[in-house]
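The working numbering numbers the first residue of the sequence shown as 182 and each following residue consecutively.
Note that the Cβ used here is the ideal one computed from N, Cα and C, for glycine as well.
All values derive from a computational prediction rather than experimental measurement.
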Amino acid sequence: MAIHGIHPVSASATQRHDVSALTIDQIKATGRLLDIIGSHPSMIKVFEQLLLWAPTSANVLITGETGCGKELVAQALHSLSPRAKRPFVVLDCSTLSKELLESELFGHEKGAFTGAYNLHLGRFERANGGTLFLDEMSNMSMEVQAKLLRVLQSRTFERIGGNREIRVDVRVVAASNRSLFKCVEEGTFRQDLLYRLNTGLIELPSLRERASDIPLLATSFLESFRQQYMREDIKGFAPEALLALTRYSWPGNVRELRNVVERCIILAKTPKIPLELLPRHIIDPTQAPDNLTRPQTISLSKHQDRKHYTAAVPTVSLPQQNNLPEQPTPEGQLQLQQTSSYPIFETEPPNGVKRYEHEMQFFEKKLILAALQRNENNLSKTASFLGLTKATLQKKMLQLALDLPQQAP
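Below, the structure is given as structure tokens:
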């Protein structure tokens, strides 16, 4: 969501003026604009678009894969604009039903429906004079799209259950990890609404498309977490660790990199973070999870009748990495239906790590991911389901380099 940090802070009016006066050459020299970090040409283009659109009141559409930093770019558009002192309001459209999304956008009157015990101000009213960031727009129903289009055209709306027209001055910044143009072709998104949202367009590159920025980002995250966890003893990454980070494809983009660095800071016992402290699939990408459904052949032993068996393991959705070739099942091997290409008993654990702990980390990941899936990514429910406290579950997920799920606003 955010390129650098999860909870960006608005710049002051003075900061906005100073940053807006910067030239692209100055930004190139620092590799930074506000909290957005990058010196790759694709990011310089993003900076140019930010400086172009920020001073205006035009609606802007931000596109890019999950984890690229769309919310932080929206925050920068707000912080660099004349609206910087006014509210910056965020709404994730993917987490809400049609009815709840409509209520969150436009608000409702007391008694408008069963359970509406009080007046509720919608996000448009809360963002009046400022900026409203609508994330994951592709999930919005056609009915809500029609109402949103009317607000963008007339700058007026009525609360649910109300009959009074409310006028607002709101800049809308929208984002989606799916192509809204393709959604229009599929008939799931209104073309006229897309035209309204797409006055300005900022396309964010994936992290693998700007791999040269990885050392800069990793170092910046490391400095931030050193302060957060009071780990002044950590001085940086070993060269081989930084090289492995640069070579990895990062399907989870900058968000995944941030979580990996945080995990390393927590677990590090030496001034330089060593290669072996990185998750195994980053050290060796061939061990990253692939489609999680393909049988893997695992050599156990040559026992008795040498029969082949298939054992089912619950499927857990993880980022797809490499499609390894199917392996034949020779005599004396036991074929297991696994959810990962992790080679059990066939890799040596890192120095100082016992084999049992090495193998159990893999199964802990599957257990936590399956529990999250069962409990709809709700951390509190998942912790209760596993018999853990929420804090313990969060710490365990950080240790295992698992993304913490985003909760509905």
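Measure how close the beta-carbons of residue i and residue j come, nearest whole angstrom, since I'm counting them as under 8 Å.
{"i": "R267", "j": "G310", "result": "4 Å"}
{"i": "L231", "j": "L253", "result": "Their Cβ separation, rounded to whole angstroms, is 11 Å, which puts L231 and L253 out of contact at 8 Å."}
{"i": "R436", "j": "D584", "result": "7 Å"}
{"i": "L574", "j": "A564", "result": "4 Å"}
{"i": "A425", "j": "I464", "result": "6 Å"}
{"i": "L438", "j": "L388", "result": "7 Å"}
{"i": "F314", "j": "A239", "result": "Actually they do not touch by this definition, with Cβ atoms about 14 Å apart."}
{"i": "V351", "j": "F305", "result": "6 Å"}
{"i": "E317", "j": "S275", "result": "4 Å"}
{"i": "V325", "j": "E367", "result": "That pair is no contact at about 17 Å."}
{"i": "A178", "j": "V270", "result": "No answer is possible for residue 178: the residues shown for the chain start at 182 and end at 590."}
{"i": "I161", "j": "Q580", "result": "The requested residue 161 does not occur in the structure, where the chain is confined to residues 182 to 590."}
{"i": "L613", "j": "L361", "result": "Look at the range of the chain in this structure, 182 to 590, and you will see that residue 613 is not part of it."}
{"i": "L567", "j": "A551", "result": "That pair is no contact at about 10 Å."}
{"i": "G212", "j": "L397", "result": "6 Å"}
{"i": "F402", "j": "V442", "result": "4 Å"}
Should residue i be labelled buried (16 or more other beta-carbon atoms within 10 Å of its own) or exposed?
{"i": "K278", "result": "Checking the sequence shown, residue 278 turns out to be Ser, not Lys. The residue in question, S278, is exposed, as its Cβ has fewer than 16 Cβ neighbours within 10 Å."}
{"i": "I205", "result": "exposed"}
{"i": "K547", "result": "buried"}
{"i": "L378", "result": "buried"}
{"i": "K363", "result": "exposed"}
{"i": "T570", "result": "exposed"}
{"i": "E557", "result": "exposed"}
{"i": "S522", "result": "Bear in mind that a pLDDT of 37 at S522, under 50, signals an unreliable position, so the model cannot answer this."}
{"i": "R555", "result": "exposed"}
{"i": "K576", "result": "exposed"}
{"i": "R348", "result": "exposed"}
{"i": "P586", "result": "exposed"}
{"i": "P460", "result": "buried"}
{"i": "Q519", "result": "Since pLDDT at Q519 reaches only 37, below the 50 mark, its modelled position is unreliable, and no value is offered."}
{"i": "P674", "result": "Examination of residue 674 is not possible in this model, given that the chain is present from 182 through 590 alone."}
{"i": "E229", "result": "exposed"}
{"i": "N440", "result": "buried"}
{"i": "T312", "result": "buried"}
{"i": "K450", "result": "exposed"}
{"i": "R336", "result": "exposed"}
{"i": "T244", "result": "buried"}
{"i": "G248", "result": "buried"}
{"i": "Y490", "result": "For Y490, the predicted model reports a pLDDT of 28, less than 50, meaning its position is unreliable; a value from the coordinates is still stated below. Y490 comes out exposed."}
{"i": "S561", "result": "exposed"}
{"i": "E246", "result": "buried"}
{"i": "F338", "result": "buried"}
{"i": "N299", "result": "exposed"}
{"i": "A235", "result": "buried"}
{"i": "M321", "result": "buried"}
{"i": "L281", "result": "exposed"}
{"i": "L214", "result": "buried"}
{"i": "A265", "result": "buried"}
{"i": "G399", "result": "Inspection of the sequence shows that residue 399 is occupied by Ala rather than by Gly. Per the 10 Å Cβ criterion, buried."}
{"i": "M323", "result": "exposed"}
{"i": "T295", "result": "exposed"}
{"i": "A422", "result": "buried"}
{"i": "M411", "result": "exposed"}
Which residues share a DSSP beta bridge with residue i?
{"i": "F269", "result": "T312"}
{"i": "E382", "result": "Just to set this straight, residue 382 is Leu in the shown sequence, not Glu. L242, per the DSSP bridge assignment."}
{"i": "L215", "result": "None; L215 has no bridge partner."}
{"i": "H301", "result": "H289"}
{"i": "A356", "result": "I243"}
{"i": "T337", "result": "R348"}
{"i": "F418", "result": "I454"}
Using a beta-carbon distance below 8 Å, is residue i in contact with chain C?
{"i": "M541", "result": "Among the chains in the structure shown there is no chain C, since it carries only a single protein chain."}
Between residue i and the ligand GDP, is the CB less than 7 Å from at least one heavy atom?
{"i": "V353", "result": "You won't find the ligand GDP in this model; it holds no ligand whatsoever."}
Do the region 284–293 and the region 342–353 make contact, defined as three or more Cβ pairs closer than 8 Å? Three or more Cβ pairs closer than 8 Å define a contact, and the region 284–293 meets that threshold against the region 342–353.
Flag this pair as touching only if the region 365–381 and the region 320–334 have three or more C-beta atom pairs under 8 Å; answer yes or no. When Cβ pairs closer than 8 Å are counted between the two stretches, the region 365–381 is seen to touch the region 320–334, the count reaching three or more.
Evaluate the contact criterion for the region 355–362 versus the region 210–228: three or more CB pairs, one atom per stretch, below 8 Å. Segments in contact, no.
Contact between the region 387–406 and the region 415–435 is defined here as three or more beta-carbon pairs at a separation below 8 Å; is this criterion met? By the Cβ test, the region 387–406 is in contact with the region 415–435, since at least three Cβ pairs between them sit closer than 8 Å.
Pair every Cβ in the region 452–459 with every Cβ in the region 415–423, then say whether three or more of these pairs are closer than 8 Å. Per the Cβ contact rule, the region 452–459 is in contact with the region 415–423 (3 or more Cβ pairs under 8 Å).
Unbroken stretches of the beta strand (DSSP E), 3 residues or longer, contained in the region 364–414: Runs of beta strand (DSSP E) with 3 or more residues, each lying fully within the region 364–414, are found at 381–384, listed in chain order.
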